[in-house]
């Protein structure tokens, strides 16, 4: 009988205590692994979601809000910007291409975005079927929007006011689907694109109808629309533009320039303390599991005096007696690692699904070789620490004391 088989037999005798140590250890492993992998995966998910957008120009305000609204499409617009002023601000040799965007309507929660064909160049997107719009009330759907809405070329739909589902329907202005984009993995997959003049047309006509219905002569809202947009998004020609363009635009009185990479890095900085706290909690749980395993091994040593004496009498060396303790701790640690890995996979899969449903971003967490080595090394270290004292006690107990 090998010492591993013997260790397994001993664990079966005290299975309740062993299971408790395994579960606590697994929770610790899952907490640490989920925090580390999730924190690394979030910036990658955001980077994929913003696609080829390097710069967004909007009204004066928070740069982070601008990125969340106009690049990741997770929040509401904070105001309007003059298309002429914003396009002049990005007219620079360092800018490869730019396109205005106008938000304000949705289809069952899927945003309708008025823009120009240049948006495809910004995102490096392409038409999968159909064509680009060439007139009012024609729409090109992102791959995800087309799939989830069940729309195809030639179908019609109507938009609703606002960016959340349930707004007032613009039922007098039906859109016709003329194209569907190839999947890009970016936020563009969740957007319904149309000509920016269509968005203005729908809102101007809606405003006129409301004015006529209520007998008002205030056309100020409609008058502001011809040169208004939510923002302008742009792609750099050279990476060094990231160091200059946002600052240059921020220096103006009416515009804010935001780089998605900078703002997402700042946002992740806000999450870092939470990640560190979860990691610390996981390490604490692992330490508690190790302490429980150590106490359990020590407590069972007294009950094993006859077994240890018999093994020594049969020729087992002191080292083999110590190896039994190490094998027990190792089995507990490996079981905790496997269970913790399964929990981590389940948690990250759930987080991926929830994040995709809420934001469209794909988490797709992965572990690097260094992270796996750190995890396995940590497991080995905890095993050695948990088994060290019980093993030394078994190795240095004299046989005559065991038989007394």
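Numbering (our numbering), first residue to last: 34 to 437.
For each residue, glycine too, the CB sits at the ideal point set by N, CA and C.
The model shown is predicted, which means the values in this text are computed figures rather than measured ones.
Query raised in the report: Does at least one heavy atom of the ligand GTP sit under 7 Å from the Cβ of residue 73?
Result: This structure lacks the ligand GTP, and indeed carries no ligand of any kind.
Query raised in the report: Less than 8 Å separating the beta-carbons of residue 119 and residue 133?
Result: Indexing the chain shown from 1 puts residue 119 at position 86. Indexing the chain shown from 1 puts residue 133 at position 100. Taking 8 Å as the Cβ cut-off, residue 119 and residue 133 qualify as a contacting pair.
Requested in this report: Write down the C-beta distance between residue 367 and residue 127 rounded to the nearest angstrom, noting that I regard them as a contact closer than 8 Å.
Outcome: The residue you call residue 367 lines up with position 334 of the chain shown. The residue you call residue 127 lines up with position 94 of the chain shown. In fact, because the Cβ distance is near 54 Å, the residues do not count as touching under 8 Å.
Report task. Can you give me the Cβ contacts of residue 296 inside the same chain, cut-off strictly under 7 Å, excluding the 5 residues immediately before and after it? Result -> Numbered from its first residue, the chain shown carries residue 296 at position 263. Counting only Cβ-Cβ distances below 7 Å, and skipping sequence neighbours, we find 96, 97, 100.
**Report entry** Option in 60, 56, 72 with minimal Cα separation from residue 385
**Finding:** Locating residue 385 in the chain shown gives position 352, counting from the first residue. The candidate whose alpha carbon is nearest that of residue 385 is 72.
Query raised in the report: Quick one: Cα of residue 81 to Cα of residue 395, how far?
Result: Here residue 81 corresponds to residue number 48 of the chain shown, with the count starting at 1. Here residue 395 corresponds to residue number 362 of the chain shown, with the count starting at 1. The straight-line gap from Cα to Cα measures roughly 8 Å.
Query raised in the report: Whose C-alpha, out of 65, 177, 308, is nearest the C-alpha of residue 409?
Result: As a first step, residue 409 must be located in the chain shown, where it is residue number 376. Minimum Cα distance to residue 409 is reached at 65.
Report task. Whole angstroms is fine: what's the gap from residue 251's alpha carbon to residue 108's? Result -> Your numbering for residue 251 matches position 218 in the chain shown. Your numbering for residue 108 matches position 75 in the chain shown. Low local confidence applies: a pLDDT of 45 at residue 251 is under 50, so the model's placement there is unreliable, and no value is given.
Query raised in the report: Between residue 380 and residue 155, what straight-line distance do the alpha-carbon atoms span, to the nearest angstrom?
Result: Locating residue 380 in the chain shown gives position 347, where the first residue counts as 1. Locating residue 155 in the chain shown gives position 122, where the first residue counts as 1. The alpha-carbon separation between residue 380 and residue 155 amounts to approximately 34 Å.
Report task. Work out the CA separation of residue 261 and residue 288 for me, nearest whole Å. Result -> Indexing the chain shown from 1 puts residue 288 at position 255. Indexing the chain shown from 1 puts residue 261 at position 228. If I take the Cα positions, the gap works out to 13 Å.
Report task. Could you work out which residue in 229, 136, 266 is closest to residue 157 when comparing CA atoms only? Result -> Taking the first residue of the chain shown as position 1, residue 157 is located at position 124. The candidate whose alpha carbon is nearest that of residue 157 is 266.
**Report entry** Spatially closest choice to residue 151 from 369, 164, 130, by CA coordinates
**Finding:** As a working mapping, residue 151 is identified with position 118 in the chain shown. Nearest C-alpha to residue 151: 130.
Query raised in the report: What residues in its chain sit with their C-beta under 6 Å from that of residue 299, if we drop five residues either side in the sequence?
Result: Residue mapping note: residue 299 aligns to position 266 of the chain shown, counting from 1. Here the set comprises nothing.
Query - Inside the stretch 170-215 only - beta strand (DSSP E) runs reaching at least 3 residues - result: 171-174, 208-214
Query raised in the report: Buried or exposed: which applies to residue 38, given that a residue is buried once 16 or more other Cβ atoms fall within 10 Å of its Cβ?
Result: For this step, residue 38 is matched to residue 5 along the chain shown. Looking at its Cβ environment, which holds fewer than 16 other Cβ atoms inside 10 Å, residue 38 is exposed.
Requested in this report: With DSSP as the reference, label residue 283 as helix, strand or coil.
Outcome: Counted from its first residue, the chain shown places residue 283 at position 250. Residue 283: helix per DSSP, three-state reduction.
**Report entry** Supposed contact pair residue 312 and residue 59 - C-beta distance, whole angstroms, cut 8 Å
**Finding:** Position 26 of the chain shown, counting from 1, holds the residue named residue 59. Position 279 of the chain shown, counting from 1, holds the residue named residue 312. Not a contact, Cβ separation roughly 16 Å.
**Report entry** Distance between residue 177 and residue 218 (C-alpha atoms, nearest Å)
**Finding:** Residue mapping note: residue 218 aligns to position 185 of the chain shown, counting from 1. Residue mapping note: residue 177 aligns to position 144 of the chain shown, counting from 1. So the two alpha carbons sit approximately 9 Å from each other.
Query - residue 153 to residue 89 span [Cα, whole Å] - result: For the purposes of this step, residue 153 is taken as residue 120 along the chain shown, with counting starting at 1. For the purposes of this step, residue 89 is taken as residue 56 along the chain shown, with counting starting at 1. Taking the straight line from one Cα to the other gives about 15 Å.
Report task. Could you name the residues of the same chain whose beta carbon sits closer than 7 Å to that of residue 292, not counting the 5 residues immediately before and after it, in chain order? Result -> As a first step, residue 292 is located in the chain shown; it is residue number 259 there, counting from the start. Closer than 7 Å at the Cβ level, and outside the excluded window around residue 292, lie 87, 88, 275, 279.
Report task. Have a look at residue 183 and residue 174 and give me their C-alpha separation to the nearest angstrom. Result -> As a first step, residue 183 must be located in the chain shown, where it is residue number 150. As a first step, residue 174 must be located in the chain shown, where it is residue number 141. Whole-angstrom Cα-Cα distance: 11 Å.
Query - Uninterrupted alpha helix (DSSP H) stretches inside the stretch 348-412 (no shorter than 4 residues) - result: 351-392
Query raised in the report: Which whole-angstrom value is the C-beta distance of residue 416 and residue 352, which I expect to be below 8 Å?
Result: Counting from one through the chain shown, the residue named residue 416 turns up at place 383. Counting from one through the chain shown, the residue named residue 352 turns up at place 319. Not confirmed; about 17 Å, so no contact.
**Report entry** Cβ-based burial, residue 172 [other Cβ within 10 Å; buried from 16]
**Finding:** Here residue 172 is taken as the residue at index 139 of the chain shown, counted from 1. By the 10 Å Cβ count, residue 172 comes out buried.
Query raised in the report: To the nearest angstrom, how far is it from the Cα of residue 212 to the Cα of residue 189?
Result: Taking the first residue of the chain shown as 1, we reach residue 212 at position 179. Taking the first residue of the chain shown as 1, we reach residue 189 at position 156. Across the structure, residue 212 and residue 189 are spaced so that their CA atoms are roughly 12 Å apart.
Query raised in the report: Which word fits residue 272, buried or exposed, when buried means at least 16 other C-beta atoms lie within 10 angstroms of its C-beta?
Result: Position 239 of the chain shown, counted from the start, is the residue given in the question as residue 272. Answer is exposed; the Cβ neighbour count stays below 16.
Query raised in the report: Of the choices 45, 61, 360, whose alpha-carbon is the least far from that of residue 371?
Result: By 1-based counting over the chain shown, the position of residue 371 is 338. Answer by Cα proximity: 61.
Query - Cβ-based burial, residue 414 [other Cβ within 10 Å; buried from 16] - result: Translated into positions along the chain shown, residue 414 becomes position 381. Per the 10 Å Cβ criterion, exposed.
**Report entry** 7 Å CB neighbourhood of residue 325 in its chain, flanking five on each side removed
**Finding:** The residue given as residue 325 occupies position 292 in the chain shown. Taken in chain order, the residues that qualify are 53, 54, 57.
Query raised in the report: Are the beta-carbon atoms belonging to residue 146 and residue 196 less than 8 Å from one another?
Result: One-based indexing of the chain shown puts residue 146 at position 113. One-based indexing of the chain shown puts residue 196 at position 163. No, Cβ-Cβ distance for residue 146 and residue 196 is not below 8 Å.
Report task. On a CA-only basis, which of 115, 359, 399 is nearest residue 374? Give me that one, please. Result -> In the chain shown, the residue the question calls residue 374 occupies position 341. Selected option, being the one with the closest Cα: 399.
Query raised in the report: Closest to residue 180 by CA distance: which of 165, 161, 378, 167 is it?
Result: Counting from 1 along the chain shown, the entry for residue 180 is found at position 147. Residue 161 is the option with its Cα nearest to residue 180.
Query raised in the report: Going by beta carbon distance, what residues of the same chain come within less than 8 Å of residue 163, once the five residues before and after it are set aside?
Result: Here residue 163 refers to the residue found at position 130 of the chain shown. If we look at residue 163 and ignore the five residues flanking it on each side, its Cβ neighbours are 173, 186, 210, 211, 212, 213.
Query raised in the report: Is residue 312 helix, strand or coil by DSSP?
Result: Reading the chain shown from its first residue, position 279 is the one you call residue 312. Three-state result, residue 312: helix.
Query raised in the report: What are the complete alpha helix (DSSP H) segments, minimum 4 residues, inside the stretch 50-112?
Result: 96-103
**Report entry** Rounded straight-line distance, which links the Cα of residue 329 to that of residue 317
**Finding:** By one-based count along the chain shown, residue 317 stands at place 284. By one-based count along the chain shown, residue 329 stands at place 296. Rounded to the nearest whole angstrom, the C-alpha separation of residue 317 and residue 329 is 18 Å.
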